[in-house]
């Protein structure tokens, strides 16, 4: 089978192995699903009801412009609908954005250890990735900007708050980045975890600012990961560009209904954010009781520093899995001294509390 | 905003304007939704129940390989799971396929008037489209093959049964095409309407045949258009290629549950196919009573020949919309002498029966 030259040169790899795949490999379900930063607190009950009710209309294609949701988001963010593009989650939107902006050979800058799916899309469209190290377990705006200037990058990727470390920058740090961006370079600001962050971490950016596109999702705080729906905020020209290449009828109709109802229930969102804060503290306490140190987090997960190297942490992740706990960890040194534990209801964290010392004990006796 | 050269050269157009958009433009809902070949007969009640139940798990990302559904499809089609790729509907799968196979400048052959979304994807990845005319209101295998040989095409698109005309070729015509395919050219056999077709229209193709990829969907006979789920059948090397570029977690979790339950309820499928046959006859009778002639159809829609030109048919579509009936029509001459009416429950066809003579009367008095 002869593929086109670009995909012919790509590996047949997958950025993430999902928990169901791991469960099939181990032959048993996980007792605690703490690896994908999903929200086991679930979506708003109103969103769940809206989705169940929408099943009666699932024989209809979804509304291509996601009109109702786009307008509700415009109200929510005090923007124009022309600033908003609804898509199949941030993963889907990042793929469309990279395709829109990057020709083969174009430079793209990100942090070494940041979101692998973004890198996957860049490689998939022939972009050349340049990676700068994290600094103090946070993405490093100065280094990203310097590398972008040095390489003539067309995109800089920055997640704020960050995944996988949970760290964050204050809003003015982000807006200052915009003033130092190279000409013709767009900041891709991944705000998947924004709802969990302090207000000070949300930069004040004009809706029509052409220097940045912001990615938001219903997969995290809104609890709709399986629905595959998110949105981009950006200048109208950029947002309109998506219509040149996107799969117009690609958003699931139930997801549209669920997201609309979820957005309207900000009370549930506040409830989840509070539960997540409680869970973060609990994860930190469980870690501390076992010699692991929680890094500060503005997300729905906690990076626990093992104070050992990546090999140790990788073995610990495997041992946790053997004991029924699905977790993940950063992929590169020095971040990979940590394991990453998603916030979850307390009964799942009870499992983690039970399993962590046993997994550590397994490692000690090897 | 400077886009990459390829998307910069694309129009900001949309292959289809959806019915909700038209409803917003006209300021009222349609009384009959007969334009998108959806199935108003709905999905299996068991599929609907499975989706409602899956809402409780929607906080989880879907299973990236769609393992359960892929294995059920393998059983259903008596193939290996390695022959099957589940994706976000045929639209999504076609986009991924074109990206996998077509480099800028590569030739692709289709029929003039065939599925616009395929053409949209080809243009979107820089392919050069070559179109051959329909012959007797059917796609023309010989002309497609001749053009493919002449242009060195890498893909030939053929829908069997065809959309928008509803015509079909017998299976042996398709398998004979495979023997005449140019080297290095893949037949894209769109079987979106296969479940409505006579068994004789389904070609007998070996699962591992590397010359063809078949596209199937849950959007039509299975009644799950809004769920965005379909699948490709092909040789393992080709199917594995999708994993190089696809959005691995892009399939909605509720869609996976719904499709699995829908596939298991072949009794409901048979019920829908029978209802569609009844509706086809009814549409033909309504057409005949108004001087329009139904073309034979192996799909869930009927092309009604107006015996006038495209300008007349376009005006008729607009008049039908004014009277509350959403329908579409072929885009090119001579197919555009027809309007295309989707099969639907009889109460919706009652609306069509009431409106068609009034719409025709509007045209006559202009």
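Chains as they are written, first to last, in my numbering: chain A, 1 to 366; chain B, 367 to 732.
Glycine included, each C-beta is placed from N, C-alpha and C at the ideal position.
- Comparing alpha carbon positions, the residue from B:452, B:426, B:658, B:612 closest to residue 703 of chain B is B:658.
- Contact of residue 102 of chain A with chain B by beta-carbon distance below 7 Å involves 370.
- Those residues of the segment 417-451 of chain B placed with their C-beta closer than 7 Å to a C-beta in chain A are 417, 418, 421, 423, 424, 425, 426, 427, 428, 429, 430, 431, 433, ordered along the chain.
- Among the CB atoms of chain B, one or more fall inside 7 Å of the CB of residue 248 of chain A.
- Distances from the CA of residue 472 of chain B to each of B:512, B:455, B:491, B:456 were compared; the closest alpha carbon is that of B:491.
- Residue 254 of chain A has a beta carbon lying within less than 7 Å of a beta carbon in chain B.
- Here DSSP, grouped into helix, strand and coil, assigns residue 251 of chain A to coil.
- Taking CB atoms only, residue 245 of chain A has a neighbour in chain B less than 7 Å away.
- In chain order, 1 make up the part of chain A whose C-beta sits under 9 Å from the C-beta of residue 603 of chain B.
- Residues of the same chain with a CB within less than 8 Å of the CB of residue 240 of chain A, apart from the 5 flanking positions on each side, are 82 in chain order.
- Among the residues of the segment 20-37 of chain A, those with a Cβ less than 8 Å away from any Cβ of chain B are 20, 21, 24, 33, 36, in the order of the chain.
- Segment contact: the segment 267-283 of chain A against the segment 343-352 of chain A, three or more CB-CB distances shorter than 8 Å; contact assigned.
- Taking the Cα positions, residue 624 of chain B is about 13 Å away from residue 436 of chain B.
- For residue 286 of chain A, the enclosing alpha helix (DSSP H) stretches over residues 266-289.
- At a cut-off of 7 Å between C-beta atoms, residue 405 of chain B counts as an interface residue with respect to chain A.
- Beta bridge pairing from DSSP links residue 451 of chain B with B:598.
- For residue 175 of chain A, the uninterrupted alpha helix (DSSP H) run begins and ends at 171-180, by DSSP.
- Within its own chain, the residues whose Cβ lies closer than 7 Å to the Cβ of residue 60 of chain A, once the five positions on either side in sequence are excluded, are 253, listed in chain order.
- Counting C-beta pairs with one atom in each stretch, the segment 568-580 of chain B and the segment 595-611 of chain B have three or more that are closer than 8 Å, which means they touch.
- The DSSP assignment places 704-708 as complete runs of the beta strand (DSSP E) inside the segment 669-730 of chain B, in order along the chain (cut-off: 3 residues).
- Taking the Cα of residue 578 of chain B as reference, the smallest distance to any Cα among B:551, B:397, B:416, B:565 is reached at B:551.
- Proximity of residue 348 of chain A to chain B, defined by a Cβ-Cβ separation below 7 Å, is not satisfied.
- In the DSSP annotation of this structure, the continuous segment of the alpha helix (DSSP H) that includes residue 146 of chain A starts and ends at 141-151.
- Residue 324 of chain A is outside the set of residues whose beta carbon lies under 7 Å from a beta carbon in chain B.
- Here residue 481 of chain B is not bridged, per DSSP, to any residue.
- At least one CB of chain B lies nearer than 7 Å to the CB of residue 228 of chain A.
- Under the 7 Å criterion on CB atoms, residue 206 of chain A is classed as non-interfacial with respect to chain B.
- For the pair residue 129 of chain A and residue 108 of chain A, the CB atoms are nearer than the 7 Å cut-off.
- The Cβ atoms of residue 594 of chain B and residue 461 of chain B do not sit closer than 7 Å to each other.
- For the 7 Å CB-CB criterion, residue 51 of chain A and residue 717 of chain B do not form a contact.
- Close partners of residue 465 of chain B in chain A (Cβ separation under 8 Å): 4, 7.
- With contacts defined by Cβ atoms closer than 7 Å, residue 340 of chain A and residue 164 of chain A form a contacting pair.
- Put simply, the CB of residue 240 of chain A is near chain B, with a gap under 7 Å to one of its CB atoms.
- The criterion of a C-beta distance shorter than 7 Å is not satisfied by residue 157 of chain A and residue 132 of chain A.
- By the Cβ neighbour-count rule, residue 404 of chain B is buried, with 16 or more other Cβ atoms within 10 Å of its own.
- Per DSSP, residue 299 of chain A lies in no alpha helix (DSSP H) segment and is marked neither H nor E.
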